[in-house]
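As structure tokens, the structure follows; a few thoughts come after it.
2 protein chains.
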Amino acid sequence: MAREVGVSRTLVSFAFRNAPGVSEETRHAILEAARRLGYRPNRIAADLARKRAATVGLYLLDLHNEVYADIFAGVREALEGSGVRVILSVGDVRRRGGAEPGDEVESLLEARVGVIIAATLTGPDASLREAAAAVPLVSVARRIEGVDSIYSDDAAGARAATGHLLDLGHTRIVHLTGPRWEGHTERQRAYREAMHDAGLPPRVVAAPEFTFEAAQAAAARILEGPDRPTAVFAHNDQMALGVREAAEALGLRVPEDLSVVGYDDSRIARLAGIRLTSVDLDAHALGSAAGAAALARLADPSGPAVDRCSAPRLVVRTSTAPPPQPRR
Amino acid sequence: MAREVGVSRTLVSFAFRNAPGVSEETRHAILEAARRLGYRPNRIAADLARKRAATVGLYLLDLHNEVYADIFAGVREALEGSGVRVILSVGDVRRRGGAEPGDEVESLLEARVGVIIAATLTGPDASLREAAAAVPLVSVARRIEGVDSIYSDDAAGARAATGHLLDLGHTRIVHLTGPRWEGHTERQRAYREAMHDAGLPPRVVAAPEFTFEAAQAAAARILEGPDRPTAVFAHNDQMALGVREAAEALGLRVPEDLSVVGYDDSRIARLAGIRLTSVDLDAHALGSAAGAAALARLADPSGPAVDRCSAPRLVVRTSTAPPPQPRR
DNA sequence: CTGAAAGCGCTAACAT
DNA sequence: ATGTTAGCGCTTTCAG
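Residue numbers (the UniProt record's numbering), protein chains in the order written: chain F, 1 to 328; chain U, 1 to 328.
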């Protein structure tokens, strides 16, 4: 302890938080001594003593998906200067199909964070509610009844995507999605609806994971199979990229032979050589709204749940075009 | 407290760590009661009491760069089942040029992690040594004298990359790098050396950040300027992508008009439509080696420093070709 | 096998 | 403006 400065521990504590009640002189002396002694306050102990953690736990599904980096950036921006720090926990999409946030969220709970921001939490609502019982939860990109939810209108996004393909004249459009988790079905539902409204048969293919690799494998099967679609609407950009890859491997050109649309509009979608038509949900904004909600929740644990739905935007690039051999 | 089960707190503690000395029956009763009461052990308090954190702090420079996701995956894999958890802290490349790991590492220190794994730590060695004084440090992708270092032979990688371009017949090759930080100069040095050996003038351009955006801007200037190079060797894939983007904007084709080589061989480099020639440093392996080193350090704080250098591998794809108008 | 007591490094009243 | 005294929720000797 740096109580060798001649002052009490209280003063040191006050000095470090530059709380009022410490003369400028003393504070200076304390900080100076601390530096000299290599002393650093122990936040762990501080949080424990304070019985309330100025920490938000951020659960990210998959670091390999750039969307989560955007969400993180947004959260950080919102928390900047608030003195609240964030501890991250990342999921493992590849493990047992990526279901159940399990351990990851559990570890946040054990670390006694004051609030958890969960980005695209997987698994059934039940396990979430359980977590939410222990600590306030802010759900990003997924609406959960009774829980702070910051999300984008998935139905509108999927409708725009499907509509775009329909407008181009496509009739054999498949929707490539992942495991059937709650809270991830809106896009699929809207797709089915749009197809139905157009008098076309929907065709949904579920890959075992929401990843590039899984999508690539599933797409290879679809494209080699009978009745090849002329367009694929993928659940996210990573999966859309997997579709492109499979198409390329089979000698199919995008968009001449196959149109592909993604979801997220991550930066990779915008790259030269990719130019993927995608639905932009502004992950950064989602993240900062979630950060703000988390701060509010920390301040008032019992306030009404936030329910913030934003409108996504379809960004048309060159991965979509009219189907090959238009009826003639 | 779940001391309502009729046993003492000691027992509860033991039961949860399934330490020996608790009858199977009691343990079961305790766990059951805990579940019923929604009790969860507080790791914060536990770490504090134990005076030794079973936690590694992982510092990642930039979530937008997929390499860090790979490193993370490697670290996690190495830590799996060890009971050691990891808390992440991510840098902010975009802030004030991305220098100084500052706050991020500081926050790890304050959280009293048992060891810090720093992936591509930026800033001068001095600030690192300071951190290393407080807690053991494992440096990934950067060699630091006297500190556990797990890295790839950058000089060899850069030599291979430059050599490849030279072999193709290029003579005007620029190396695009970022701010001049210690520990990031090997690639540049090897490039200069290779050029020199070939009797060609080196030309190094430093962008203000190691990012896509910064590279794009810098590349635009280079490509529009006089004496346009026929090849660019970028410090990493993100930057190489920025170069491609700038080239495309100017109507230059890759590789016909401009060859581009990156570094890291992140997945994005392999994508259809990109196919970037790049140097693979196997970030996943680097990560898991770092995780193992961290574990060893936790077990024996005073063992000799690990110094593990691996050999990178040049992966040639279609972003490189002979220069336009070969001498004729 | 089980329990009592001390203490980890801090914060938060409550004095002085 | 500064010092005192209790804990925070756990782990850890050390005794029953």
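All C-beta atoms in this analysis are idealised placements derived from N, C-alpha and C, irrespective of residue type, glycine included.
For the alpha helix (DSSP H) that residue i lies in, which residues bound it at each end?
i              : result
D300 (chain U) : No alpha helix (DSSP H) holds D300 (chain U); DSSP gives it neither H nor E.
R244 (chain U) : 237 to 249
T162 (chain U) : 154 to 167
R143 (chain F) : No alpha helix (DSSP H) contains R143 (chain F), which DSSP labels as neither H nor E.
Would residue i count as contacting chain F if we go by Cβ distances under 8 Å?
i                     : result
F210 (chain U)        : no
E193 (chain U)        : no
A69 (chain U)         : yes
A111 (chain U)        : yes
D47 (chain U)         : yes
L256 (chain U)        : The sequence given here has Glu at residue 256 (chain U), not Leu. So no, E256 (chain U) is outside the interface.
R50 (chain U)         : no
I87 (chain U)         : yes
P316 (chain U)        : It should be pointed out that residue 316 (chain U) corresponds to Val in this sequence rather than to Pro. V316 (chain U) does not count as touching chain F.
G262 (chain U)        : no
A134 (chain U)        : yes
residue 349 (chain U) : The structure shown does not extend to residue 349 (chain U), since chain U spans only 1 to 328, so no value can be given for it.
G97 (chain U)         : With a pLDDT of only 46 at G97 (chain U), under 50, the local geometry of the prediction cannot be trusted, and no value is derived from it.
L295 (chain U)        : no
Under the assumption that residue i contacts residue j (Cβ atoms under 8 Å), give the Cβ distance between them as a whole number of angstroms.
i              : j              : result
V135 (chain F) : V113 (chain F) : 7 Å
A215 (chain F) : V243 (chain F) : 6 Å
R76 (chain U)  : V67 (chain U)  : So it is not a contact: roughly 15 Å between Cβ atoms.
G262 (chain U) : A293 (chain U) : That pair is no contact at about 27 Å.
T318 (chain U) : P255 (chain U) : 6 Å
A156 (chain U) : A141 (chain U) : With 8 Å as the limit, A156 (chain U) and A141 (chain U) do not qualify as a contact, their Cβ atoms being about 14 Å apart.
I117 (chain U) : Y59 (chain U)  : 7 Å
A246 (chain U) : A220 (chain U) : 4 Å
G74 (chain U)  : A299 (chain U) : The Cβ separation is near 19 Å, so there is no contact.
Whose CA, out of the options, lies closest to the CA of residue i?
i                     : options                        : result
H235 (chain F)        : F:R76, F:A161, F:A73, F:A78    : F:A161
P149 (chain F)        : F:A132, F:Q216, F:R253         : In the sequence under discussion, the amino acid at residue 149 (chain F) is Ser, which differs from the Pro named in the question. Per the Cα distances, F:A132.
F233 (chain U)        : U:A285, U:G178, U:L271, U:A249 : U:G178
A311 (chain F)        : F:D300, F:P301, F:L281, F:S319 : F:L281
G287 (chain F)        : F:F72, F:L61, F:L48            : F:F72
I173 (chain F)        : F:R180, F:Q188, F:K51, F:W181  : F:Q188
Q325 (chain F)        : F:G169, F:L298, F:E213, F:L109 : F:G169
V84 (chain U)         : U:D307, U:N65, U:R297          : U:R297
D153 (chain F)        : F:T10, F:V316, F:V279          : F:V279
S139 (chain F)        : F:E193, F:L241, F:V56, F:G81   : F:V56
L314 (chain U)        : U:A29, U:D237, U:A247, U:P322  : U:D237
residue 338 (chain F) : F:V316, F:A15, F:F16           : Residue 338 (chain F) falls outside the range modelled here, since chain F spans only 1 to 328, and no answer is possible.
R180 (chain F)        : F:A156, F:F210, F:H164, F:H196 : F:F210
G38 (chain U)         : F:R308, F:G273, F:R143, F:E130 : F:E130
P41 (chain F)         : U:H164, U:S107, U:D257, U:A231 : U:S107
T185 (chain F)        : F:R159, F:P304, F:L88, F:A219  : F:R159
D307 (chain U)        : U:L200, U:A290, U:S89          : U:A290
P202 (chain F)        : F:E224, F:T171, F:I222         : F:T171
D103 (chain U)        : U:A69, U:L61, U:H28            : U:L61
Determine, for residue i, whether the minimum Cβ-Cβ distance to residues of chain U falls below 8 Å.
i              : result
S107 (chain F) : yes
G38 (chain F)  : yes
R43 (chain F)  : yes
L31 (chain F)  : no
I268 (chain F) : yes
F72 (chain F)  : yes
L252 (chain F) : no
E248 (chain F) : yes
I274 (chain F) : yes
V75 (chain F)  : no
V90 (chain F)  : yes
L137 (chain F) : no
L271 (chain F) : yes
So residue i is in the beta strand (DSSP E); what residue range does that whole segment cover?
i              : result
R52 (chain F)  : No beta strand (DSSP E) holds R52 (chain F); DSSP gives it neither H nor E.
T26 (chain U)  : That residue, T26 (chain U), is in no beta strand (DSSP E); its alpha helix (DSSP H) goes 24 to 37.
F233 (chain U) : 231 to 234
D280 (chain F) : 277 to 280
L314 (chain F) : 313 to 315
H175 (chain F) : 173 to 177
R85 (chain F)  : 85 to 90
V261 (chain F) : 259 to 264
Please tell me whether, using a cut-off of 7 Å, the distance from the CB of residue i to the nearest non-hydrogen atom of the ligand FAD is below it.
i              : result
L165 (chain F) : The ligand FAD is not part of this structure, which contains no ligands at all.
Give the residues from the segment 226 to 244 of chain F that approach chain U closer than 8 Å (Cβ to any Cβ), ordered along the chain.
L241, R244
With 7 Å as the C-beta to C-beta threshold (strictly closer), list the residues of the segment 53 to 65 of chain F near chain U in chain order.
L63, H64
Output needed in chain order: residues of the segment 140 to 174 of chain U with a Cβ under 8 Å from some Cβ in chain F.
none
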